[in-house]
Amino acid sequence: MSNHVYDIVIIGGGPAGLAAGLYGSRSKLDVLIIEKGVFGGQAATTAELENYPGSIENCTGPALTERMKHQAEEFGTKFVYDEVVDVDFSGNIKVVKGKEGEYHGKTVIIATGAAPRLAGFKGEIELRGRGVSYCATCDADFFEGLDVAVIGGGDSAITEALYLTKFAESVTIIHRRDTFRAAKYLVEKAMNHPKIKFILNSVVEEAKGDEILEGLVVKNLQTGEVSEVPVNGVFVFVGLDPITKVFEGKIALDEKGYIPTDEEMRTNVEGVFAAGDVRVKMLRQVITAAADGAIAAVAAEEYINEKFNK
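The structure is reproduced here in structure tokens:
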């Protein structure tokens, strides 16, 4: 494998990477996608994708991203499971080093996405997987008939809270403000739902429980009052952090670790592109990730034609 040079090596198999794979392979380029976890990325952990234009009724993240993968595969995209541990973008041929092997490409598209941010309360890490979760789709059925909480005030928090009502006895949304970043229609839907309660202007200070979560210590930021909320599960949706540690010092990153690009997804390094949630951008959604991936693949093809096919 180490001697083979791909036209495009894509790091990350979420919607951005899969769209790039599809567009690259349809142009008869030799494309490899490297993924360390689940193909589909964050989208594969999303219960309902109501806002993806043209998707089937009752569309789920896993169903949509599985279809994306099949499409890319049908056109010849190759896939490998590996974790990228280092990169060398200094030469004309880019080198991507994984735990399992080394991959060479005329171009690289970084589509590593972003990971859920920790809320930072005491006991969060210790009780992760034992009541503390970051994925409602993955874990909702463990909480059938139980009381759960959701931390956050964005689209993800409200969407997942609504999803959790299908399983849980009650869902308490805990948010540090009294206004929401989430779309108004989602907030209204949640406020009108009989199973959903709100604790606003408040933060979780501690998760209590020996082996499993038994309750949350919640502090009101206005009054300073501390109370205990008995729940068996808490779902954290307080934002994302870009997965770019391996690229530090190799390409330009902004102060938060996101990758700045131009409109053609070019980074500051020739032949290296970035697409999806990992990029500096306003909207991080499946539709914008897929669009980024398509643009990146076309831009990579143009670069290959100019650089290698003279």
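According to the UniProt record's numbering, the sequence shown holds residues 1 to 310 in order. C-beta atoms are modelled at their ideal positions from N, C-alpha and C, and glycine is treated no differently.
- Compare the Cα-Cα distances from L253 to each of K281, A72, P62 and report the closest residue. Checking every option, the nearest Cα to that of L253 belongs to K281.
- Query: Counting Cβ pairs closer than 8 Å, one from the stretch 14-21 and one from the stretch 272-281, do we hit at least three?
  - Reply: yes
- Can you tell me whether K106 is buried or exposed, with buried defined as 16 or more other CB within 10 angstroms of its CB? buried
- Query: Are the Cβ atoms of I109 and I8 separated by less than 9 Å?
  - Reply: yes
- Query: Tell me the DSSP bridge mates of I8?
  - Reply: V31, T107
- In three-state terms, what does DSSP make of Y23? helix
- Query: Rounded C-beta distance between V217 and E206? I'm assuming under 8 Å.
  - Reply: 4 Å
- Item | Inter-residue CB distance, A190 and L162 (contact presumed, cutoff 8 Å) | 6 Å
- Message: For N232, count the other beta carbons within 10 Å of its own beta carbon; 16 or more makes it buried, fewer makes it exposed. Which is it?
- Response: Under a 10 Å Cβ-count criterion, N232 is classified as buried, with 16 or more other Cβ atoms of the shown protein chains found around its own Cβ.
- Message: I believe G61 touches T137 by the beta-carbon criterion, under 8 Å. Please report the beta-carbon distance rounded to the nearest angstrom.
- Response: The beta-carbon distance between G61 and T137, rounded to whole angstroms, is 7 Å. This is short enough to meet the 8 Å contact definition.
- Item | S156 to A300 span [Cα, whole Å] | 32 Å
- Put N305 into one of helix, strand or coil per three-state DSSP. Three-state result, N305: helix.
- Task: On a CA-only basis, which of V204, L213, T159, V236 is nearest F193? Give me that one, please.
- Result: In the sequence as displayed, the identity of residue 193 is His instead of Phe. The candidate whose alpha carbon is nearest that of H193 is T159.
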